[in-house]
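Peer 1: Just dropping this structure here.
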Amino acid sequence: MAIKPEEFNFAKHDQFNNAMIPGKFARALRTCKIWQFIRFIVLNIKMLIVVSKSH
Amino acid sequence: MARLLVLGGGVAGHTAATFAADWLGRDHEVVVVTPNAKWNWIPSNIWVGVGQMSKEEVTFDLDPVYKKAGITYKQAKAVSLNPEGSGSSDKPYVTVEYTGQGKAGNSEEVTYDYLINATGPKLNFGATPGLGEGSQLGEHTVSVCTADHAQHAADELTKVLDKMRKGERQKILIGTGHGMCTCQGAAFEYIFNVEHEIRKAGLRDMADIKWISNESFMGDFGMGGLHMKVGGYVVSSRIFTESLFAERGVNYITGAHVNKVEKGKVSYELLDGSMGEETFDFSMLIPPFAGVGLKAYNKAGEDITDTVFAPNGFMKVDANYTPKPYEEWKASDWPLTYQNPTYKNIFAAGIAFAPPHLISKPAKSPNGTVINPTPPRTGMPSGIIGKAVAHSVCDLIKNGEGAPLHEASMAHMGAACVASAGKGWLDGTAAAMTVYPVVQDFEKYPGTGRDTDYTFGEIGLAGHWIKHILHYLFIYKAKLKPFWKIIPE
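Following this line, the structure appears as structure tokens:
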């Protein structure tokens with residue numbers, strides 16, 4: 000059975016073996032334009048709240 | 000007419016000077032002394048360093064902006080400070096040496112009523128043999144601390160990519176060049192932008208990329224790490240950071256004090272006292288920061304540098320500098336107003352103020368070598384402090400010496416940080432993070448020292464869009480274009 004892309008790096012180094020590596024779906028969401036547009040709005044609101052609390 | 004003298008034209012100095020000029024109007028004078036002819040949006044230097052932006056895109060000429068704002072601009076570096084004046088006058092002054100405007104090398108005594116020291120850091124390449132000499136970049140490594148350095152880094156990276164195309168495997172080492180560096184974030188951004196460019200070029204299999212850092216654990220970032228809400232969990236930045244390194248196949252060395260750089264090789268000491276070496280074909284190592292080396296003299300001409308500045312060259316302000324163990328550190332140790340305790344008409348902002356202690360837990364190797372990140376004071380906190388200090392000075396000028404001062408403690412303010420992990424409108428990513436407050440307050444937030452409702456992190460394309468938009472937004476603001484004041488720091 001072929002190794003899954005997200006599992007490939009686990010074998011590369013001991014340092015990576017205990018890390019949390021995103022799977023195919025999580026990686027796809029990171030550059031999914033529709034999802035990221037929603038996150039863009041959410042992140043901006045969250046950041047503006049922190050900025051307003053800091054001034 | 001009062002004169003406010005601002006030393007430095009970086010984020011803190013530029014923010015302070017432009018707001019002060021706006022608030023004071025033409026009734027008072029604002030003078031900026033900075034050795035640079037151009038303003039640099041430093042966070043975008045990492046994109047210059049991978050050839051994705053030009054030097055011109057991250058800089059602009061200061062002269063026309065200061066003319067528009069009614070600010071007197073002197074392209075010069077501050078050499079010494081006489082806060083009590085001289086034998087012949089009680090007027091305090093700063094001795095400056097011109098670096099441009101057709102007067103390079105000439106000295107001048109610039110008097111002031113109020114002084115804001117926002118000189119930023121000296122890039123102390125000389126702290127590590129081989130990394131460079133004094134503030135000069137060495138020949139073995141590259142840097143992204145200035146736009147010129149970043150351009151040089153991009154040129155060297157191009158050569159490395161060409162070698163990979165010819166089938167030559169390359170070792171890339173990126174991180175911090177000394178045990179007491181700050182600004183791990185810039186190196187973090189650069190390593191992932193380099194990895195992104197190599198991957199885009201289809202050469203990822205030809206590169207071994209390694210991170211070397213003085214942080215005792217991944218994700219410390221000079222702030223003792225942070226706990227943030229991710230996917231419904233509260234997780235340590237260590238897990239968040241190690242995950243990204245594992246995903247991108249980037250190995251790492253932590254707790255390292257780089258003590259020597261030679262051609263193609265660094266030597267380092269680890270927190271456990273062991274020594275190691277790492278070879279490289281291309282290396283970007285951030286230097287440690289120090290104060291710019293400003294001297295201070297009293298009326299009699301005696302050296303009072305130790306009174307005004309801390310041993311690291313940064314200016315003493317209203318912080319609690321009493322040495323005490325980590326367990327006794329408090330949020331209240333951090334300065335509120337940034338006023339010098341000895342000379343009340345002097346303030347410091349941004350990197351130029353001396354922090355009371357580290358934010359990260361102090362660490363030392365068994366050999367006695369100090370290996371811990373120093374506190375970050377760049378970006379958003381720098382701008383907020385610059386504005387608060389300018390506000391205080393304007394109130395003192397307009398309302399007299401009894402005017403209350405404005406506060407901007409790093410233990411009370413948050414910071415938004417967007418760390419690029421690769422540039423591209425459709426395939427770029429960045430870690431968008433906020434931390435609140437910057438300095439942990441374990442009395443107010445006993446669990447993690449911070450409010451986890453306002454401390455979060457997320458990697459994705461949206462983060463890249465934010466970082467790229469901020470690039471244009473902050474350059475627009477710094478150029479004082481219409482409505483610049485409504486853009487927050």
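If you're matching them up, the sequences are chains F and L in order. Under numbering that gives the first Met the number 0, the first residue of the first sequence carries the number 0, and numbering increases by one thereafter. Under numbering that gives the first Met the number 0, the first residue of the second sequence carries the number 0, and numbering increases by one thereafter. Even glycine gets a Cβ: it sits at the ideal position worked out from N, Cα and C. These numbers were taken from a predicted model, which means no experiment stands behind them.
Quick check: the Cα distance between V109(L) and I396(L), rounded to an integer number of angstroms?
Peer 2: Along the second sequence, one-based indexing puts residue 109(L) at 110. Along the second sequence, one-based indexing puts residue 396(L) at 397. Their Cα atoms are separated by approximately 18 angstroms.
Peer 1: Which residues, in order along the stretch 446 to 472 of chain L, keep a beta-carbon less than 8 angstroms from a beta-carbon of chain F?
Peer 2: For chain F, the residues of the stretch 446 to 472 of chain L that bring a beta carbon within less than 8 angstroms of one of its beta carbons are Y453, F455, E457, I458, G459, L460, A461, G462, W464 and I465, in chain order.
Peer 1: Quick one: does I238(L) have its CB under 8 angstroms from some CB of chain F?
Peer 2: Start at 1 with the first residue of the second sequence, and residue 238(L) comes out as number 239. Answer yes: the Cβ-Cβ gap between I238(L) and chain F drops below 8 angstroms somewhere.
Peer 1: For a cutoff of 8 angstroms on Cβ pairs, would you count I383(L) as touching chain F?
Peer 2: The residue labelled residue 383(L) in the question sits at position 384 within the second sequence. By this cut-off, I383(L) is an interface position.
Peer 1: Can you find a heavy atom of the ligand GDP that lies under 7 angstroms from the Cβ of G459(L)?
Peer 2: Summarising the ligand content, the structure contains no ligands, and the ligand GDP is consequently not present.
Peer 1: For the stretch 302 to 321 of chain L and the stretch 431 to 442 of chain L, state whether three or more C-beta atom pairs, one from each stretch, are separated by less than 8 angstroms.
Peer 2: no
Peer 1: Does any C-beta atom of chain F lie closer than 8 angstroms to the C-beta of M412(L)?
Peer 2: Along the second sequence, one-based indexing puts residue 412(L) at 413. Closer than 8 angstroms to some Cβ of chain F, the Cβ of M412(L) qualifies, so yes.
Peer 1: Can you round the beta-carbon distance between T175(L) and I211(L) to whole angstroms, since I take them to be within the 8 angstroms contact cut?
Peer 2: Walking along the second sequence from the start, residue 175(L) turns up at place 176. Walking along the second sequence from the start, residue 211(L) turns up at place 212. Right, the Cβ-Cβ distance comes to about 7 angstroms (below 8 angstroms), so this counts as a contact.
Peer 1: Mind pulling the chain F residues with CB within less than 9 angstroms of N250(L)?
Peer 2: Here residue 250(L) refers to the residue found at position 251 of the second sequence. What N250(L) touches in chain F: K11, H12, Q14 and F15.
Peer 1: Classify G367(L): buried if its beta carbon has 16 or more other beta carbons within 10 angstroms, exposed otherwise.
Peer 2: On the second sequence, residue 367(L) is found 368 positions in, with the first residue counted as 1. G367(L) comes out exposed.
Peer 1: Do V5(L) and A77(L) have their CB atoms nearer than 8 angstroms?
Peer 2: The sequence position of residue 5(L) within the second sequence is 6, counting from 1. The sequence position of residue 77(L) within the second sequence is 78, counting from 1. Against a cut-off of 8 angstroms, the Cβ pair of A77(L) and V5(L) comes out as no contact.
Peer 1: What's the call for H54(F), buried or exposed, on a 16-neighbour Cβ count within 10 Å?
Peer 2: Counted from its first residue, the first sequence places residue 54(F) at position 55. It is exposed - the Cβ of H54(F) has fewer than 16 other Cβ atoms within 10 Å.
Peer 1: State the DSSP-derived secondary structure class of L293(L), mapped to helix, strand or coil.
Peer 2: Reading the second sequence from its first residue, position 294 is the one you call residue 293(L). Coil, per DSSP.
Peer 1: Shortest alpha-carbon distance to A299(L) belongs to which of K315(L), G84(L), V30(L) and D62(L)?
Peer 2: As a position in the second sequence, residue 299(L) is number 300, starting the count at 1. With distances taken between Cα atoms, A299(L) lies closest to G84(L).
Peer 1: Can you give me the C-alpha to C-alpha distance between S53(L) and N398(L), rounded to a whole angstrom?
Peer 2: The sequence position of residue 53(L) within the second sequence is 54, counting from 1. The sequence position of residue 398(L) within the second sequence is 399, counting from 1. The alpha-carbon atoms of S53(L) and N398(L) are separated by roughly 45 angstroms.
Peer 1: Pick from L23(L), K363(L), A309(L) and F124(L): whose alpha carbon is nearest that of T341(L)?
Peer 2: Numbered from its first residue, the second sequence carries residue 341(L) at position 342. Looking at the Cα atoms, A309(L) is the closest of the given residues.
Peer 1: Could you check whether the Cβ of I2(F) sits closer than 8 angstroms to any Cβ belonging to chain L?
Peer 2: For the purposes of this step, residue 2(F) is taken as residue 3 along the first sequence, with counting starting at 1. Not one chain L Cβ lies under 8 angstroms of I2(F).
Peer 1: Using a Cβ-Cβ cut-off of 8 angstroms, state whether A245(L) counts as contacting chain F.
Peer 2: Start at 1 with the first residue of the second sequence, and residue 245(L) comes out as number 246. Cβ-Cβ to chain F under 8 angstroms: yes for A245(L).
Peer 1: Would you mind reading off the limits of the beta strand (DSSP E) that contains G275(L)?
Peer 2: Reading the second sequence from its first residue, position 276 is the one you call residue 275(L). M274 to T278 is the span of the beta strand (DSSP E), which, as asked, contains G275(L).
Peer 1: Run through chain L and tell me which residues come within less than 8 angstroms of I48(F), C-beta to C-beta.
Peer 2: Taking the first residue of the first sequence as position 1, residue 48(F) is located at position 49. Here the neighbours are Y453.
Peer 1: If we define contact as Cβ-Cβ less than 8 angstroms, is A18(F) a contact residue for chain L?
Peer 2: Looking up residue 18(F) in the first sequence gives position 19. At least one chain L Cβ lies under 8 angstroms of A18(F).
Peer 1: Can you tell me which of the three DSSP states Q74(L) falls into?
Peer 2: Here residue 74(L) refers to the residue found at position 75 when the second sequence is read from its first residue. In the structure shown, Q74(L) sits in a strand (DSSP, three-state: E or B).
Peer 1: I need the straight-line Cα distance from G459(L) to V229(L), nearest angstrom please.
Peer 2: Within the second sequence, numbered from 1, the residue matching residue 459(L) stands at position 460. Within the second sequence, numbered from 1, the residue matching residue 229(L) stands at position 230. If I take the Cα positions, the gap works out to 13 angstroms.
Peer 1: What residues from the stretch 29 to 54 of chain F come within 9 angstroms of chain L, judged by C-beta to C-beta, listed N to C?
Peer 2: R29, T30, C31, K32, W34, Q35, F36, I37, R38, F39, I40, V41, L42, N43, K45, M46, L47, I48, V49, V50, S51, K52, S53 and H54
Peer 1: Report the neighbours of T278(L) on chain F: residues whose CB is nearer than 9 angstroms to its CB, in chain order.
Peer 2: In the second sequence, the residue the question calls residue 278(L) occupies position 279. The contacting residues do not exist; T278(L) stays about 17 angstroms from chain F at best.
Peer 1: I want to verify the contact list: residues of chain F whose CB lies under 7 angstroms from the CB of E241(L), in sequence order.
Peer 2: In the second sequence, the residue the question calls residue 241(L) occupies position 242. Neighbourhood of E241(L) in chain F, by CB distance below 7 angstroms: A18, in chain order.
Peer 1: Taking Cβ positions, are H177(L) and V260(L) nearer each other than 8 angstroms?
Peer 2: The residue you call residue 177(L) lines up with position 178 of the second sequence. The residue you call residue 260(L) lines up with position 261 of the second sequence. Cβ atoms of H177(L) and V260(L): not closer than 8 angstroms.
Peer 1: For the 8 angstroms Cβ check, are there 3 or more pairs between the stretch 230 to 238 of chain L and the stretch 378 to 393 of chain L?
Peer 2: no
Peer 1: Determine whether the beta carbon atoms of M274(L) and P375(L) lie at a separation below 8 angstroms.
Peer 2: Counted from its first residue, the second sequence places residue 274(L) at position 275. Counted from its first residue, the second sequence places residue 375(L) at position 376. Cβ distance not < 8 angstroms, so M274(L) and P375(L) don't count as in contact.
Peer 1: Can you name the residues of chain F whose CB is closer than 8 angstroms to the CB of A418(L)?
Peer 2: Against the second sequence, residue 418(L) aligns to sequence position 419. The contacting residues do not exist; A418(L) stays about 13 angstroms from chain F at best.
Peer 1: Whole angstroms is fine: what's the gap from A186(L)'s alpha carbon to G421(L)'s?
Peer 2: Counted from its first residue, the second sequence places residue 186(L) at position 187. Counted from its first residue, the second sequence places residue 421(L) at position 422. If I take the Cα positions, the gap works out to 13 angstroms.
Peer 1: Measure from the C-beta of D426(L) to each C-beta in chain F and report whether the shortest distance is under 8 angstroms.
Peer 2: Your numbering for residue 426(L) matches position 427 in the second sequence. By this cut-off, D426(L) is an interface position.
Peer 1: Quick one: does A415(L) have its CB under 8 angstroms from some CB of chain F?
Peer 2: Here residue 415(L) refers to the residue found at position 416 of the second sequence. At a cut-off of 8 angstroms, the C-beta of A415(L) has a neighbouring C-beta in chain F.
Peer 1: Taking CB distances under 8 angstroms as the criterion, tell me whether T433(L) reaches chain F.
Peer 2: Mapped onto the second sequence, residue 433(L) falls at position 434. Answer yes: the Cβ-Cβ gap between T433(L) and chain F drops below 8 angstroms somewhere.
Peer 1: Quick check on the DSSP output: the beta strand (DSSP E) that includes G174(L) runs from which residue to which?
Peer 2: Position 175 of the second sequence, counting from 1, holds the residue named residue 174(L). Taken as a continuous stretch (DSSP letters only), the beta strand (DSSP E) holding G174(L) covers Q169 to T175.
Peer 1: Quick one: grab the DSSP three-state call for C416(L).
Peer 2: Locating residue 416(L) in the second sequence gives position 417, where the first residue counts as 1. Collapsing the DSSP output to three states places C416(L) in a strand.
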